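Report on the structure given below.
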Amino acid sequence: MSGPLQGRSVVVVGASSGIGRGVALRFVKAGADVALAARRSDRLGELVTEAGGGRPVPTDLCIKGDCEHLADEVAASMAPVDLLLISAGTAPLGRMAHISAEDWQLVLRTNLIGIHQVITALLDRLSSQAVVAVISSESVTAPRSHLGAYGASKAALEHTILQWQEEHPWLRFTTVSLGATVPTEFGHDFATDDIVEAIGAWADSGRSQAAFMDTEQVCNVLFEALGALVTAPSVGIPRLELRSPAPFVSDGDAAVAAATGSRDR
Ligand SMILES: NC(=O)c1ccc[n+]([C@@H]2O[C@H](COP(=O)([O-])OP(=O)(O)OC[C@H]3O[C@@H](n4cnc5c(N)ncnc54)[C@H](OP(=O)(O)O)[C@@H]3O)[C@@H](O)[C@H]2O)c1
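Residue numbers (numbering that gives the first Met the number 0): 0 to 264.
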């Protein structure tokens with residue numbers, strides 16, 4: 000196999016499911032040398048089987064030692080990293096008045112501090128003009144009920160990425176501001192009652208769209224955009240916004256259909 004991504008060195012954190020998995024799969028299939036990081040090692044093994052390659056490195060980005068182990072594995076066996084994609088993320092679902100200190104600790108530890116730890120650990124393993132991409136959320140700029148702590152964690156993440164860029168001008172940091180995308184495992188831990196309440200609130204406030212984006216299509220777009228960036232070192236994309244073109248709806252049933260992916264595409 001040959002192509003522009005053949006042999007390129009890529010690290011994907013959050014490669015065990017959803018968007019990170021889909022983008023990682025595409026880079027492996029394009030011939031890149033890809034380190035696959037997430038906590039669930041069985042899922043990483045399944046991805047290697049499906050993709051026909053990739054280097055699974057079980058990693059909890061909340062654990063500094065895991066991030067350092069990932070960096071050691073990359074240093075030992077891979078070329079300097081051309082692309083670090085961090086798709087890992089988590090969200091508590093609930094109205095602000097119901098968000099606990101434990102909720103805050105988990106969401107900030109994962110979406111902010113953990114991502115900081117993994118970038119820090121890998122910094123010396125990055126090539127001189129590497130792309131470092133993180134997945135943020137539309138909820139930063141369009142707050143929606145029940146996702147306040149999540150939106151705040153992503154807003155803080157976005158600021159740190161601006162700061163990383165300021166301090167490392169030759170690296171190319173990209174914040175991907177992502178709209179709602181299905182299916183992924185985002186929300187698998189949400190309580191059904193909370194989801195129903197949240198979707199109703201989003202419809203009431205006109206924050207629901209008639210269709211969410213499709214995960215496979217989002218992965219295609221991210222793969223193409225990030226792959227093109229890797230091969231164009233004079234170009235940076237500080238911010239990429241991916242949104243469904245679907246109209247906003249106030250009908251609760253339409254909002255549920257969009258959120259569950261049950262609307263025909
Ligand atoms: N889907 C959406 O509608 C949507 C919209 C806007 C933004 N986003 C963002 O897009 C990104 C990907 O989400 P997704 O929808 O693809 O959800 P997903 O299927 O739940 O994927 C999340 C990934 O993060 C990993 N992860 C979570 N905590 C981790 C930790 N402590 N250490 C290492 N890896 C960890 C998970 O792997 P393990 O559990 O195996 O560790 C999994 O691979 C997230 O940052 C999310 O906030 C999603």
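Yeah, the Cβ is synthetic: ideal placement off N, Cα and C, and Gly gets one too. Model, not experiment: these values are computed from the prediction.
Close-in-space but distant-in-sequence residues of the same chain around T230 (CB under 7 Å, 5 per side omitted) | P3
Assuming F211 and A179 form a contact by the criterion Cβ under 8 Å, report the distance between their Cβ atoms to the nearest whole angstrom.
-> 4 Å
Buried or exposed by the 16-neighbour rule on C-beta atoms within 10 Å, applied to W201 = buried
When every heavy atom of ligand 1 is checked, does at least one fall within less than 8 Å of the C-beta of G144?
-> The sequence as given places Ser at residue 144; Gly does not occur at that position. No, the Cβ of S144 stays beyond 8 Å of every heavy atom of ligand 1.
Ignoring anything shorter than 4 residues or poking outside the segment 35–93, list the alpha helix (DSSP H) runs there in chain order.
-> 40–50, 63–76
Have a look at the DSSP bridge pairing and note the partners of M265.
-> Residue 265 lies beyond the range of the chain shown here (0 to 264); nothing can be said about it.
With burial defined as no fewer than 16 other Cβ atoms inside 10 Å of the residue's Cβ, what is the status of R300: buried or exposed?
-> The chain is shown from 0 up to 264; residue 300 falls before or after that span and cannot be answered.
Relative to the C-alpha of L170, which residue among V133, A154, Q162, S127 is closest?
-> S127
CB contact check: S204 to chain B, cutoff 9 Å | Any reference to chain B falls outside this structure, which holds one protein chain only.
C-alpha gap between N219 and V22, whole angstroms | 7 Å
Proximity test, V181 beta-carbon vs ligand 1 heavy atom, cut-off 8 Å | yes
Quick one: is V80 buried, meaning 16 or more other Cβ sit within 10 Å of its Cβ, or exposed?
-> buried
Quick one: Cα of A50 to Cα of V133, how far?
-> 22 Å
Is the segment 113–121 in contact with the segment 58–68, if contact means three or more CB pairs nearer than 8 Å?
-> yes
Helix, strand or coil for F26 per DSSP?
-> helix
When you compare each of S76, G13, L24 to S40 by their alpha carbons, which one comes out closest?
-> G13
Could you name the residues of the same chain whose beta carbon sits closer than 8 Å to that of I194, not counting the 5 residues immediately before and after it, in chain order?
-> L92, G186, A258
Buried versus exposed call for L270 [16 or more other C-beta atoms within 10 Å across all chains shown] = The question about residue 270 has no answer, for the chain in this structure spans 0 to 264.
T214: buried (16+ other C-beta within 10 angstroms of its C-beta) or exposed?
-> buried
Under a three-way DSSP split, which group does R264 fall into?
-> In this predicted model, R264 has a pLDDT of only 42, less than 50, meaning its place in the structure is not dependable enough to derive any value.
Taking A245 as the reference, which of V234, G226, A209, S233 has the closest Cα?
-> A209
Sequence-distant residues of its chain with Cβ nearer than 6 Å to G52 (five each side left out) = V27
Would you mind reading off the limits of the alpha helix (DSSP H) that contains E157?
-> 147–166
Ligand 1 heavy atom lying under 8 Å from the CB of E67 | no
Less than 8 Å between the CB of L121 and some heavy atom of ligand 1, yes or no?
-> no
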